[in-house]
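S.K.: Pasting in a structure now, in structure tokens, and then I'll have a few things to ask.
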Amino acid sequence: MIRLALIGHGRWGKAIHRTLEGFPNVSVTVVGHGETLQGDIDGVILATPISTHAELALPFIERGIPTFIEKPLTDSVTDAKRLLTAAEKANTLVQVGHIHLHNPAFVKVKELVPTLGRIRYLSFEGANNGPFRSDASVLWDWLPHPLSMALRLLETKPKSVQAWGINSLRPQKPALYDIGVVKYAFDGDVPLICTVNWLSPEKRTTMTIVGEKSSLVHTDTAEQKLALYEGMGPAVLGMQVTPQVPSISHPAYESGWPLEYELRAFVSAVENGSHDHSELAFGATVVELIAAAHQSIDKGGGAVAC
728 MIRLALIGHG RWGKAIHRTL EGFPNVSVTV VGHGETLQGD IDGVILATPI
778 STHAELALPF IERGIPTFIE KPLTDSVTDA KRLLTAAEKA NTLVQVGHIH
828 LHNPAFVKVK ELVPTLGRIR YLSFEGANNG PFRSDASVLW DWLPHPLSMA
878 LRLLETKPKS VQAWGINSLR PQKPALYDIG VVKYAFDGDV PLICTVNWLS
928 PEKRTTMTIV GEKSSLVHTD TAEQKLALYE GMGPAVLGMQ VTPQVPSISH
978 PAYESGWPLE YELRAFVSAV ENGSHDHSEL AFGATVVELI AAAHQSIDKG
1028 GGAVAC
């Protein structure tokens, strides 16, 4: 039996708890933020506000206790590096909750991307009615999703970022943006353009990947999450560009809940005695890229090197 402590029992913490209760080989002890953990554990899961991640995770990592941290890893590059250094020193298993990487639909996206031809651009829209966090901007809330997916698909970091933020609800806290537009520039003039906000009447989570030959749209909130547009690359003859009529299909993918796949991966790693902390390094990269976007906003949208 794997003994896990779950710290944080808000909306997402409750979802994690419900999912873990369906694992026959796992027992869960729920610990409120600020409460003292009693007894021995085999691993810990942190589902607390972003600003608390570093202070809560560090003691567990230093003691060599396998640790799962909800996304984003931290809200500062300094804290992310502290956790990474501690994990390397203690050789501790650490995973970060980039849930879309465990989404069966995204797994299929990764399989299909090589068939699209040279990637022209990626775009992402993340929108919802809240949550209105008091300790982090909408960039920290939403950007881990497109960044984690783009980093996996393109297998490289962006070179630079330009970003613009709007705080329409709490202007007394200028950096607490509730709307953000962010452009990351990858090698080969491939942009990732992200539009994120907390003010939408509808929830939307859509990643679009446009290639020379075909395009792929991954809409996580749709019943059919994937739409493949084959043969839509426009014909270019000199300055003449002619659009093509694509054939549209909806590729099949495995069933199952991303959160369940994600947590099973962590439990399996704990069972197998893994000391892998490569996901922590990946999570630290995501933190660096979001921090760079905030720097760009501070510069009025000026480009910042990543």
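Residue 728 is where the sequence shown starts when you use the working numbering, and the numbers rise one by one after that. We put the beta carbon where it would ideally sit given N, CA and C, even for glycine.
Three-state secondary structure (DSSP) at Met934?
M.R.: In the structure shown, Met934 sits in a strand (DSSP, three-state: E or B).
S.K.: Cβ of Ser875 within 8 Å of Cβ of His825?
M.R.: A contact, by the Cβ cut-off of 8 Å.
S.K.: In terms of DSSP beta bridges, what is Cys921 paired with?
M.R.: Paired residues: Phe851, Val909.
S.K.: What residue range is occupied by the uninterrupted beta strand (DSSP E) comprising Thr794?
M.R.: 794 to 797 is the span of the beta strand (DSSP E), which, as asked, contains Thr794.
S.K.: Using 8 Å as the threshold, is the C-beta distance between Val804 and His1004 below it?
M.R.: Against a cut-off of 8 Å, the Cβ pair of His1004 and Val804 comes out as no contact.
S.K.: Please go through the segment 784 to 868 and give each complete alpha helix (DSSP H) segment of 4 or more residues, from N-terminal end onward.
M.R.: As far as the segment 784 to 868 is concerned, its whole alpha helix (DSSP H) runs of at least 4 residues are 804 to 817, 831 to 839.
S.K.: Do you know how far the Cα of Gly1010 is from the Cα of Glu929?
M.R.: So the alpha carbons of these two residues sit roughly 28 Å apart.
S.K.: Do Ile846 and Val963 count as a contact pair if the criterion is CB distance below 8 Å?
M.R.: Going by C-beta atoms, Val963 is not nearer than 8 Å to Ile846.
S.K.: Taking 8 Å as the limit between beta carbons, can you name the residues of its chain near Arg809, skipping five residues before and five after?
M.R.: Same-chain partners within the cutoff: Ala781, Leu785.
S.K.: May I ask which residues mark the beginning and end of the beta strand (DSSP E) holding Leu955?
M.R.: From DSSP, the beta strand (DSSP E) with Leu955 extends over 953 to 957.
S.K.: Going by Cα to Cα distance, which pick from Pro898, Val994, Ser941 is closest to Ser861?
M.R.: The residue with the shortest Cα to Cα distance from Ser861 is Pro898.
S.K.: Quick one: Cα of Gly844 to Cα of Tyr911, how far?
M.R.: Those two C-alpha atoms are separated by around 20 Å.
S.K.: On a CA-only basis, which of Phe859, Leu849, Arg879, Trp867 is nearest Lys837? Give me that one, please.
M.R.: Of the candidates Phe859, Leu849, Arg879, Trp867, the one whose C-alpha sits nearest the C-alpha of Lys837 is Arg879.
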